[in-house]
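Undergrad: Following our numbering, the numbering of the sequence shown begins with 161 at its first residue and continues without gaps.
Every residue, glycine too, gets a C-beta built ideally from N, C-alpha and C.
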Amino acid sequence: MLFTFYAPKAHKVAVVGDFNNWSTSADPMYDREQKGLWSITLPLKAGRYEYKFLVDDEKWIPDPGNSKKAKDGFGAFNSVVEVKP
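(1) Report buried or exposed for Glu193, applying the criterion of at least 16 other Cβ atoms within 10 angstroms of its Cβ.
(2) Please return the same chain residues whose Cβ sits closer than 7 angstroms to the Cβ of Ser199, not counting the five positions on each side in sequence.
(3) State the Cα-Cα distance for the pair Met166 and Asp187, rounded to the nearest angstrom.
(4) So is Ala174 buried or exposed if we call it buried at 16+ other beta carbons inside 10 Å?
(5) State the Cα-Cα distance for the pair Ser185 and Ser239, rounded to the nearest angstrom.
(6) Can you say whether Lys223 is buried or exposed, counting buried as having 16 or more other CB atoms within 10 angstroms of its CB?
(7) Beta-carbon within less than 7 angstroms of Gly197's beta-carbon, same chain only, minus the 5 sequence neighbours each way: which residues are those?
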């Protein structure tokens with residue numbers, strides 16, 4: 161599964177979700193071309209997952225490119241992705 165996030169002013173971005181037990185350090189993203197487009201490909205098994213992007217270790221942001229959302233229990237939303245078998 162390819163995750164991408166545009167954050168040109170960010171110094172650090174990670175994808176954080178139930179697929180990595182909400183670890184803030186397990187899946188750092190990379191801006192390989194230094195143009196603000198952060199990305200990572202994760203080998204997710206079939207299933208439904210909730211996630212957010214963590215920017216500079218302080219801002220939790222749902223995926224703006226994904227309209228599927230679920231309440232996060234803290235008054236905001238997680239993004240939802242379903243991986244088909």
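TA: With the structure as the only source:
(1) Counted from its first residue, the sequence shown places residue 193 at position 33. Exposed: under 16 other Cβ atoms inside 10 Å.
(2) In the sequence shown, the residue the question calls residue 199 occupies position 39. Contacts found: Leu162, Phe163, Thr164, Met189, Tyr190.
(3) For the purposes of this step, residue 166 is identified with residue 6 of the sequence shown, where counting begins at 1. For the purposes of this step, residue 187 is identified with residue 27 of the sequence shown, where counting begins at 1. The sequence shown places Tyr at residue 166, not Met. Their backbone Cα atoms lie some 16 angstroms apart in a straight line.
(4) If you number the sequence shown from 1, residue 174 lands on position 14. Buried: at least 16 other Cβ atoms inside 10 Å.
(5) Here residue 185 is taken as the residue at index 25 of the sequence shown, counted from 1. Here residue 239 is taken as the residue at index 79 of the sequence shown, counted from 1. Near 19 angstroms, if we compare the C-alpha coordinates of Ser239 and Ser185.
(6) For this step, residue 223 is matched to residue 63 along the sequence shown. With the sequence shown as reference, residue 223 is identified as Asp, and Lys is not the correct amino acid for it. With 16 or more other Cβ atoms within 10 Å, it is buried.
(7) By one-based count along the sequence shown, residue 197 stands at place 37. In the sequence as presented, Gly is not what sits at residue 197; that position holds Leu. Counting only Cβ-Cβ distances below 7 angstroms, and skipping sequence neighbours, we find Thr164, Tyr166, Asp191.
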